[in-house]
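Here the structure is laid out as structure tokens; the discussion comes afterwards.
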Amino acid sequence: LDSKFNHGNLHQSSDPQAASVVQLATAKFEARPFYVYLQVGGGRAEADVRDVLTELETIYSQHGKEGPYLLGGTLSSAEINLVPFFFRFNVLLKHYRKVDLFADYPRLKAALDAAVVRPAFQQTAREPQYYIDAYAGLVSRAATR
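For the sequence shown, our numbering gives the first residue as 1168, with consecutive numbering after it.
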């Protein structure tokens, strides 16, 4: 779709170096540790989440350009893939685990903050309470195990 309707701009088809950085960031993200942390809390689960975030923060810091996004001022498919998870788990972990997920990750926080104010994100995201309610069963089932 990106190639057909957007000339490949989102996936950086005309810039192989940028495309590889975007693909690297996307490939390094793993959602499972976030779900485990939400269910069981601290300890190893928290360390696994921090490992994922540290690796992504390093990619954004070492390979990224200045600006809120990985490619500077240009939104990329990395943010399209990462930000929905970041948004949800930022809300959920603040609520259920009292954790400020991005306190130690300023580049990721900047990307999240910039992306969530975009009109397209605003049109597709729900209010935080929606996610809190939607994941309540997952958290409560884990608590009863």
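We put the CB at the ideal spot given by N, CA and C, even for glycine.
These numbers were taken from a predicted model, which means no experiment stands behind them.
{"Item": "In angstroms, rounded to a whole number, what distance separates the CA positions of S1307 and A1292?", "Value": "24 angstroms"}
{"Item": "Among residues of its own chain, excluding the 5 on either side of Y1272, which ones have a beta-carbon nearer than 6 angstroms to its beta-carbon?", "Value": "L1220 and E1224"}
{"Item": "Just how far apart, CA to CA, sit K1195 and N1248?", "Value": "11 angstroms"}
{"Item": "Since I1226 and A1192 are thought to touch, with beta carbons under 8 angstroms apart, how far apart are those beta carbons, to the nearest angstrom?", "Value": "5 angstroms"}
{"Item": "Where do the N-terminal and C-terminal ends of the alpha helix (DSSP H) with F1288 fall, by residue?", "Value": "P1286 to T1291"}
{"Item": "Would a C-beta distance cut-off of 8 angstroms place L1242 and A1185 closer than the cut-off?", "Value": "no"}
{"Item": "What distance in whole Å lies between the Cβ atoms of F1269 and L1279, which are believed to be in contact at a cut-off of 8 angstroms?", "Value": "6 angstroms"}
{"Item": "If you reduce the DSSP assignment to three classes, tell me which class Y1204 lands in.", "Value": "helix"}
{"Item": "With a threshold of 16 other CB atoms inside 10 Å of the CB of R1274, please say whether the residue is buried or exposed.", "Value": "buried"}
{"Item": "Under the rule that 16 or more other beta-carbon atoms within 10 Å means buried, what is E1246, buried or exposed?", "Value": "buried"}
{"Item": "If you draw a straight line from the C-alpha of V1189 to the C-alpha of E1213, how long is it?", "Value": "25 angstroms"}
{"Item": "Give the DSSP bridge partners of G1210, in chain order.", "Value": "DSSP lists no partner for G1210."}
{"Item": "How many Å lie between R1199 and D1182 at the Cα?", "Value": "31 angstroms"}
{"Item": "For H1262 and A1301, I'd like the C-alpha separation in whole angstroms.", "Value": "13 angstroms"}
{"Item": "Within a Cβ cutoff of 8 angstroms, which residues of the same chain sit near F1252, ignoring the five residues on either side of it in sequence?", "Value": "F1196, A1198 and F1201"}
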